[in-house]
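Those sequence lines, one after another, are chains A and B.
Under my numbering, the first residue of the first sequence is numbered 434, with each subsequent residue one higher.
Under my numbering, the first residue of the second sequence is numbered 113, with each subsequent residue one higher.
Heads up, the thing below is written out as structure tokens.
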Amino acid sequence: ETGVTQTPRHLVMGMTNKKSLKCEQHLGHNAMYWYKQSAKKPLELMFVYSLEERVENNSVPSRFSPECPNSSHLFLHLHTLQPEDSALYLCASSRSGTTSGTQYFGPGTRLLVL
Amino acid sequence: AQTVTQSQPEMSVQEAETVTLSCTYDTSESDYYLFWYKQPPSRQMILVIRQEAYKQQNATENRFSVNFQKAAKSFSLKISDSQLGDAAMYFCAYRSSTGKLIFGQGTTLQVKP
């Protein structure tokens, strides 16, 4: 599925750095999601945006800050991360309000925090 | 709260054979959706198949089919004529009426030539 793109694909950052992850969807969807995938753990939902409004924040630390400027773009701003934040960060999109709301995923950003 | 359980961390199958991946879930809802996603080494999460809970007929998508047992809260994935490209981690997922997607722990499938 090439409808959802993510950049960068790989990121290495120090604990004092500030970086941003970008997600873009070309599917005409109006809901976007951030997930965290750590080794040997199920995918964890972090944030949900529907019609550009944040509708869910799953007790994510404030060092992760999402931004959704429009229905096609989603950002995850990172600052003062910890080594345990190293993971694969997946973005997904879906059509909000439909019965199935099938989510389509991007390729992910592999983040390593040193 | 809804939960999804995949009890098989790893499975293997011979090329061209059939394999079944298990998934059980727990919910008090009557209307929901179930999904199987595939995550190959490239890490791209790809939708394999989707099942609406209100439909009794099992979903089928080419070589992939499901055995949906609503009363037993079971949702297994059958892969027929397994191919080398099927090797991946497979995730079962439950979508509640609120839209939240809950994933199982995943099953790593190895396909032997």
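Think of the CB as a built atom: it goes at the ideal place given N, C-alpha and C, for glycine as much as any other residue.
Just so you know, these numbers come straight off a predicted model, no measurement behind them.
Name, please, each residue of chain B whose Cβ falls closer than 7 angstroms to the Cβ of residue i.
i: Gln-536 of chain A; result: Leu-213
Mind checking whether residue i and residue j have CB atoms under 8 angstroms apart?
i: His-512 of chain A; j: Lys-451 of chain A; result: yes
i: Ser-529 of chain A; j: Ala-464 of chain A; result: yes
i: Leu-544 of chain A; j: Gly-447 of chain A; result: no
i: Tyr-206 of chain B; j: Thr-136 of chain B; result: no
i: Tyr-537 of chain A; j: Lys-469 of chain A; result: no
i: Tyr-145 of chain B; j: Gln-163 of chain B; result: yes
i: Arg-487 of chain A; j: Phe-480 of chain A; result: yes
i: Gln-118 of chain B; j: Ser-142 of chain B; result: no
i: Asp-221 of chain B; j: Met-157 of chain B; result: The question names Asp, but residue 221 of chain B in the sequence shown is Leu. No.
i: Thr-115 of chain B; j: Leu-189 of chain B; result: no
i: Asp-198 of chain B; j: Val-223 of chain B; result: yes
i: Leu-514 of chain A; j: Trp-467 of chain A; result: no
i: Glu-485 of chain A; j: Ser-504 of chain A; result: yes
i: Arg-175 of chain B; j: Pro-540 of chain A; result: no
i: Gly-211 of chain B; j: Gly-534 of chain A; result: yes
i: Pro-225 of chain B; j: Glu-127 of chain B; result: yes
i: Asn-491 of chain A; j: Leu-476 of chain A; result: no
For a contact defined as C-beta to C-beta under 9 angstroms, what are the partners of residue i on chain A?
i: Leu-159 of chain B; result: Glu-434, Thr-535, Gln-536, Tyr-537, Phe-538
i: Asn-216 of chain B; result: Contrary to the premise, residue 216 of chain B reads as Gly rather than Asn in this sequence. Chain A residues near Gly-216 of chain B: Pro-475.
Can you pull the chain A neighbours of residue i, defined as C-beta to C-beta under 8 angstroms?
i: Ser-154 of chain B; result: Pro-540
Around the Cβ of residue i, are there at least 16 other Cβ atoms within 10 angstroms (buried) or fewer (exposed)?
i: Thr-219 of chain B; result: buried
i: Pro-502 of chain A; result: exposed
i: Leu-507 of chain A; result: buried
i: Val-437 of chain A; result: buried
i: Tyr-166 of chain B; result: exposed
i: Glu-434 of chain A; result: The pLDDT assigned to Glu-434 of chain A is 46, lower than 50, so where the model puts this residue is not dependable; a value taken from the coordinates is nonetheless given after this. Classification of Glu-434 of chain A: exposed, given that the 10 Å Cβ count is below 16.
i: Pro-499 of chain A; result: buried
i: Val-542 of chain A; result: Per the sequence shown, residue 542 of chain A should be read as Thr rather than Val. It is buried - the Cβ of Thr-542 of chain A has at least 16 other Cβ atoms within 10 Å.
i: Ser-526 of chain A; result: buried
i: Lys-473 of chain A; result: exposed
i: Gly-461 of chain A; result: exposed
i: Leu-196 of chain B; result: exposed
i: Ser-194 of chain B; result: buried
i: Ser-471 of chain A; result: exposed
i: Val-445 of chain A; result: exposed
i: Ser-209 of chain B; result: exposed
i: Gln-439 of chain A; result: buried
Contact residues within the stretch 473 to 484 of chain A, judged by C-beta distance below 9 angstroms to chain B: Lys-473, Lys-474, Pro-475, Leu-476, Glu-477, Leu-478, Val-481, Ser-483
Beta carbons nearer than 9 angstroms to chain A: which residues of the stretch 158 to 179 of chain B have them? Ile-158, Leu-159, Arg-162, Glu-164
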